[in-house]
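> Position in the sequence shown (from 1) plus 11 gives the number in this note's numbering. Quick reminder that beta carbons are idealized off the backbone N, C-alpha and C, glycines included. Predicted model only: the values in this text are computed from it and were never measured. Sending over a structure as structure tokens; questions will come in a sec.
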Amino acid sequence: NRGEGSIGTMQASPYHQDNKIVLFGEGKQVGKEFDVATFKSDKVPYFLYHAKTSPVLLVGHNITFDLKYVAKTWPEHWKAVIGNIYIWDTQQVAYLLSGQTHMYPSLDQLCSEIGHVLKDEKIRAYWEAGVDTEMIPADELEDYLKHDIRATAAVFRFQYEVVRALPNLFNLIRVKMDDMLMTSLMESNGMHFDIALANDISTELSLEIKEFEEDLFLAASANNWPEEKAGPFNPLSPEHVSLLLFGGPITYKEDVVQIGPDGNPIVYKTGAKKGLPKTKKQEKTFDYDGIGLVPIGEPNKKGIYSTSEEVLDELKHPVADSVLELRALYKDVETYYKGYSKLVWPDGLIHPNINHCSTRTGRQSCTQPNLQNASKGD
């Protein structure tokens, strides 16, 4: 039940106090018997008791969500048993078995591949109709959950039989599962972010941004920027910066009076425009001189040159330097100070998504935000 607890694009997350699990279930193997049970959300999961004395293999599909929910909801139990927890994520194993081509396979997709019965779509229909999970009939919700557990177990058994015959892959999966367990802990622990300090710094940097923008607007004006053809100068537009620095063709559209067969303008004969000439948009090109610096590299099809950081740095020109400063400040403000502030959860932490099934190479990626690519600066 996700309530109103969403941050960024994460519509359902274990980190928001408004989000909760209405019903959870566990299936456990006892000898040859596989027992499935469901519980209300206030009951401590059985595996947390069992793991106090014995190692436990937790099997799940996209299991990191479950791990993070457990860590938030029963933190003391979780800390006490973490050394005895091992995981098998059926989504991740399917991704590895496919040679990293099957990204984020759903449980239904995997059931279809092994010939297992697909889940009843009735519950999904409730959600799509906007029915809150708490309002779904309990017996229908319980049946849906039990099927999920049995389906996950079926996929696990199939995967295990495949993998056990491939020792090298089995070892890779063991390492990858430990990796997923650790990164889920990292996500749960999160990164503290001081929103108040970020706002103060953002305000200061915004004043600097305004100064650089004004300098660049003046430079554009001094070099006769053709606003009527190119629009207002945008110092963050690579195309506008290229035109200002190097000059080049500007393609624009102009109203041209339509001429009739008799050589005279065609006019409106009725309506509010009666007597006025008819016009039609016609594409034209204007050659703009700009500052006239010697460009580096070749232009694209539109006659626009690169204004990458390397190019601007090599130019050693005040306008190029101002563009570099502006871009750096703007990225800091929008990506880090304002951007990260929007991704802070009610606990004062940023909890990123470390993704394990999102690349063809098998490497991890990080989103909401990308903390693998955070600035090393202030």
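Let's test the definition: count the other Cβ atoms within 10 Å of the Cβ of I160 and tell me whether it reaches 16, buried, or not, exposed.
buried
> Which value, in whole angstroms, describes the spacing of the CA atoms of V242 and F297?
A small correction: the amino acid at residue 242 is Gly; Val does not occupy that position in the sequence shown. The straight-line gap from Cα to Cα measures roughly 13 Å.
> According to DSSP, is P288 part of a helix, a strand, or is it coil?
In the three-state DSSP reduction, P288 falls in the strand class (E or B).
> Check each candidate in S253, G258 and K295 and name the one with the smallest Cα separation from D266.
K295
> Check each candidate in G314, T75 and E215 and name the one with the smallest Cα separation from L10.
This structure cannot speak to residue 10, because the chain is shown only from 12 to 389.
> Using a Cβ-Cβ cutoff of less than 7 Å, which residues in the same chain neighbour I206 once the five nearest sequence positions on both sides are dropped?
Apart from sequence neighbours up to five positions away, the residues of its chain that approach I206 with a beta-carbon distance below 7 Å are S352 and V355, ordered along the chain.
> At what residues does the beta strand (DSSP E) containing K39 begin and finish?
L34 to V41
> Would a C-beta distance cut-off of 9 Å place E320 and R338 closer than the cut-off?
yes
> So what does DSSP say about Y263, is it helix, strand or coil?
Here Y263 sits in strand by DSSP.
> CA-CA distance, L69 and T75?
11 Å
> So, at 7 Å on beta carbons, what are the nonlocal neighbours of A48 in its own chain, with the 5 sequence-adjacent residues on each side left out?
G36 and E37
> Going by beta-carbon coordinates alone, are R175 and F167 separated by less than 9 Å?
no
> Please check the pair Y316 and S253, which I expect to be a contact at CB under 8 Å, by giving their CB distance rounded to whole angstroms.
Between the beta-carbon of Y316 and that of S253 there is about 5 Å, and that keeps the pair under the 8 Å contact cut.
> Is T101 closer than 9 Å to T163 when the C-beta atoms are compared?
yes
> Mark I208 as exposed unless 16 or more other C-beta atoms lie within 10 angstroms of its C-beta, in which case mark it buried.
Correcting the residue identity first, residue 208 is Leu in this sequence and not Ile. L208 is exposed by the Cβ-count criterion.
> Where does the unbroken alpha helix (DSSP H) through A48 begin, and where does it stop?
Where A48 is concerned, there is no enclosing alpha helix (DSSP H), although the beta strand (DSSP E) it sits in stretches over E44 to K51.
> Just the C-alpha distance for R13 and T84, rounded to the nearest angstrom, thanks.
At R13 the pLDDT is 45, less than 50, meaning the model places this residue with poor confidence; the figure from the coordinates comes in the next sentence. R13 and T84: Cα-Cα distance of roughly 15 Å.
> Any contact between the segment 98-114 and the segment 185-205? By contact I mean 3 or more CB pairs, one from each, below 8 Å.
yes
> Per DSSP, what kind of secondary structure is M202 in: helix, strand or coil?
strand
> Take P260 as the anchor and find which of V142, G271 and G303 has the nearest alpha-carbon.
Shortest Cα-Cα distance from P260 to any of V142, G271 and G303 involves G303.
> Tell me the residue span of the beta strand (DSSP E) that contains G71.
V67 to G71
> To the nearest angstrom, how far is it from the Cα of D131 to the Cα of Y155?
7 Å
> Span of the beta strand (DSSP E) holding E376?
Correcting the residue identity first, residue 376 is Ser in this sequence and not Glu. S376 to T378 is the extent of the beta strand (DSSP E) around S376.
> Would you list the residues sitting across from K327 in a DSSP beta bridge?
DSSP, once it has assigned bridges, lists no residue as partnering K327.
> Looking only at its own chain, which residues have a Cβ that is under 7 Å from the Cβ of I184, when we skip the five neighbours before and after it?
V104, L107 and V174
> Is the beta carbon of Q111 sitting closer than 9 Å to the one on T378?
no
> Would a C-beta distance cut-off of 9 Å place N381 and P363 closer than the cut-off?
yes
> Residues in its own chain within less than 6 Å of Y57 by CB, not counting five upstream and five downstream?
Excluding sequence neighbours, Y57 sits near E37.
> Please determine, among S65, E325, H113 and G94, the residue with the shortest C-alpha to C-alpha distance to T372.
H113
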